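Quick note, the sequences are listed as chains A and B, same order. The working numbering numbers the first residue of the first sequence as 1 and each following residue consecutively. The working numbering numbers the first residue of the second sequence as 1001 and each following residue consecutively. Ideal placement from N, C-alpha and C gives every residue a C-beta, glycine not left out. Note that the coordinates shown come from a computational prediction; the quantities given were computed from them, not determined experimentally.
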Amino acid sequence: MKTIFLNEKELLALLASWCETFDVYAPNDGKGEDAACSVIGWGKIASKEEFYGVLPDKIAKGVHKTSIKPFFFPQPETLVTFTSDNKPCAPLANTVGQKRLILGVRPCDARSVMLNAMPYRDDPYYQANQNKTVLVGVGCNEKAITCFCEKTGGSPLGTDGLDILITTLGTGFALEALTNQGDELLGSQGAALDEALLAEFTKRRESFAADAQKANSTPSLKGKDLMSLYQSKIWQDLSQSCINCGACTFLCPTCYCFDIQDEAIRKDKGSSNACACGTGGCACDAPSVRRIRYWDSCMFPLFTKHASGHNPRGTKEHRVRNRFMHKLKYFPDRFGALSCVGCGRCIRECPVNIDIREVMTTLLAVD
Amino acid sequence: MSNSYIPYSAIIDDITVETEDASLKTFKLVIENEEERMAWRHNPGQFAMISVPGKGESPIGIASSPTEAGSVLFTIFKIGSVTTALHEMEKGERVGLRGPMGNGFPVDTAFKGKNIVIIGGGYAFTTLRATIAYLLANRQDYGHITVIYGSRSPGMLLYRSELEQWAKRGDISMNVTVDRQAPGWEGLVGFVPTITEKVAPSPENAVAMVCGPPIMIKFTMPPLEKIGWKDEQMYFSLENRMKCGLGVCGHCTCGPLYVCKDGPVLTRTQLKGLPVEF
Ligand SMILES: Cc1cc2nc3c(=O)[nH]c(=O)nc-3n(C[C@H](O)[C@H](O)[C@H](O)COP(=O)(O)OP(=O)(O)OC[C@H]3O[C@@H](n4cnc5c(N)ncnc54)[C@H](O)[C@@H]3O)c2cc1C
Ligand code: SF4
Ligand code: FES
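Next up, the structure:
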């Protein structure tokens, strides 16, 4: 797999060439909104000029306002449609459509796609969304105050989940192919890194990797006894201020819980009546019900409430504990990695200043 | 990749009103597509998602045994939107069926050659019916079978005619009880824990399945423990709220466990190592 060096002009030309085969998305600071992905904060790039603003050295440090979760987990996503006589139709609309390339992805966000793919391993929708998406990342030279990817097993120059990683280097940019697809996209552009650049590039990567290894709290958390963490006194204090708004779970790139609901398709109300399979030629081209999934949150009391009224996680303490235990203990025990990439969005936006870094520190101190 | 979110189309082939207040009905579902119908396999103790398009899906325990091929039975309590819509449906109408899901009871492994005790209360008896039918169809593979089943009143008992048929067989000990004496009732009277205390067999080479309201389960444990039953011999079935049934959506979790996938059947040993979130 190759790593090449490009100057600004060459990079702009390469990015523009990708527009011919892909729908290219990049961070757009909340300007514009793309209905197809309902992504706010990520927009479709239409012209060469627009690329200038998203060059790796021009985008703001830290993570973008919203993660790339909606590209993989659209809000909402149709799972099945039904005809008026209750016949289901195979919905594979999301496998059709143009391939997408997302540019300017931070390593933490790219890592979240890889982590979510573990529970979603057999999910045809998630897999289809992943298969039609190319991720081109931008390494972080500088961290924002809420960034802590190293503590979670990531790194500012991490490559997990990416097809290509771009980093600023010397007077230009290093583009590192990480998958076959990434390799193909780089084509025969540019030159290989010369010896001096290669040495600098390697040194930076190694020093970040060493820091990350030292800071990674995954092994220690995995070594803790689950019930000791669960029964720890910290949850009551921690949950006291929480208002269960769920903002953290919606912003979080690695929160992936969902609800399923049925929606009537009312043609007279102008709602789309396209069949979920998207082929147009199936038996149910006039569906009357759409079964959708959309983001849900374990912060909400209804998430676990039975029809009888009984609620196994009926208190705030239960729910706050569940969110952190899932990310820092249950998921790592099952899948080997934390379900947190250290992006810091929940810290940035929590209205009552709950800080997952403090939760980690406290849990690490439990014997 | 197969798509586990798409339900089979199933036709309601028959509906039986089970209880005097009509709050519980048994639906006999037949998968429309013959190939899919023939390919359906399940274990006693597994469940499925039944859906009424436009209303939603509900997880429901499978009440029939895999040995009763060709159709699948579900006994459903009318409580909310999906279950009410189901209760309003008629024979011949179409519903969605997704599954089977979950692990089920280990009838072909851990239970083989064992004496079996089945303790049920209220409408949690549905998957126990599936289990009893399976055990009886493979009678030679198991030792003594003891059933303790209780309900509020005779009119609230499920599967009345089968209970009577089983009671007539010599190879299964049936102990059907109601909470209070009622006119015309000639069977046992008393709560499930009390009857358990009287008739529970020895734990030697045995397993027990205990399914019912939490209060029944709680009071059934001491009499069993008293005569030496161990945690690893006792099996429960959890009923957490569910959406996907595939171990993804997060609704059903009990601590680290996905009840829909790792359960719903768990031993008491497994339960004791978990947060109490059920
Ligand atoms: C493994 C399992 C087996 C079950 N077996 C049976 C059975 O054999 N017979 C029976 O009558 N009931 C059974 N239940 C309970 C049944 O699923 C609920 O009563 C039913 O989902 C209520 O749906 P509703 O739409 O009528 O109620 P609403 O309150 O309108 O519920 C809306 C949605 O919430 C969810 N939900 C609400 N309560 C529950 C609950 N207790 N458990 C799971 N999901 C819930 C469902 O997704 C439902 O569609 C079982 C539940 C589980 C988990
Ligand atoms: S838990 Fe917070 S810091 Fe971790 S990935 Fe989610 S939003 Fe980012
Ligand atoms: S019901 Fe969705 S994870 Fe169990």
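- Counted as a single uninterrupted DSSP element, the alpha helix (DSSP H) harbouring B/L1224 occupies residues 1214-1226.
- Here DSSP, grouped into helix, strand and coil, assigns A/C350 to coil.
- By the rule that beta-carbons nearer than 7 Å mark a contact, B/R1152 does not touch chain A.
- Taken atom to atom, the span from the alpha-carbon of A/S220 to that of B/V1017 is near 56 Å.
- For the pair of segments examined, the segment 67-76 of chain A was found to touch the segment 124-133 of chain A: the number of CB pairs separated by less than 8 Å reaches three.
- Annotated three-state conformation of A/I234 is helix, per DSSP.
- Under the 10 Å beta carbon count, B/G1102 is surrounded by 16 or more other beta carbons and is classified as buried.
- At least 7 Å separates the CB of B/V1072 from every CB of chain A.
- Below 8 Å, enough C-beta pairs join the segment 1228-1237 of chain B and the segment 1203-1217 of chain B to call them touching: three or more.
- Excluding sequence positions up to five before and after B/I1217, its CB lies within less than 6 Å of the CB of V1210, all in the same chain and listed in chain order.
- With fewer than 16 other Cβ atoms from the protein chains shown falling within 10 Å of its own Cβ, A/A46 counts as exposed.
- In the structure shown, B/P1154 falls within a helical segment according to DSSP collapsed to helix, strand and coil.
- Cβ-Cβ distances below 7 Å link A/T179 to D163 in the same chain, with the five nearest sequence neighbours on each side left out; the list follows chain order.
- Leaving aside the five residues that flank B/M1174 on each side, the residues in its chain whose CB is nearer than 6 Å to its CB run, in chain order, V1147, W1166, A1167.
- For B/C1211, the enclosing beta strand (DSSP E) begins and ends at 1206-1211.
- A straight-line Cα-Cα distance of about 40 Å links A/P287 and A/G137.
- With a cut-off of 8 Å on Cβ pairs, the segment 1067-1082 of chain B is in contact with the segment 1020-1033 of chain B, counting three or more such pairs.
- Taking C-alpha positions only, B/I1006 is separated from B/I1050 by approximately 11 Å.
- Identification of chain B residues near A/S308 by a Cβ-Cβ cut-off of 8 Å yields I1079, ordered along the chain.
- Secondary structure at A/I356: helix, using DSSP grouped into helix, strand and coil.
- For B/E1035, the uninterrupted alpha helix (DSSP H) run begins and ends at 1034-1039, by DSSP.
- Look at B/I1031: its C-beta is not under 7 Å from any C-beta on chain A.
- Remark: C-beta atoms of A/R293 and A/D262 do not approach each other more closely than 7 Å.
- For B/P1213, same chain residues with a beta-carbon under 8 Å away, outside a window of 5 residues either side, are G1121, G1122, A1124 in chain order.
- For A/T152, there is no enclosing beta strand (DSSP E), as DSSP marks it with neither H nor E.
- Not one heavy atom of ligand 1 falls within 6 Å of the beta-carbon of A/R293.
- Taken through DSSP and simplified to helix, strand or coil, A/S112 comes out as helix.
- Counting only runs of 4+ residues, the alpha helix (DSSP H) found wholly inside the segment 116-177 of chain A occupies 124-131, in chain order.
- At a Cβ-Cβ threshold of 7 Å, A/V341 and A/S84 do not count as neighbours.
- Contact of A/A264 with chain B is assigned, a C-beta pair being separated by under 7 Å.
- At least one CB atom of chain B sits nearer than 7 Å to the CB of A/T304.
- Going by C-alpha positions, A/I166 is about 16 Å away from A/Y25.
- Annotated as distal: A/P119 and B/N1003, with beta-carbon spacing of 7 Å or more.
- The secondary-structure analysis by DSSP pairs B/T1146 across a beta bridge with B/V1117, B/S1173.
- At a cut-off of 7 Å, the C-beta of A/D237 has no neighbouring C-beta in chain B.
- Against B/R1268, chain A offers no close residue; the least beta-carbon distance is about 16 Å (beta-carbon pairs closer than 8 Å).
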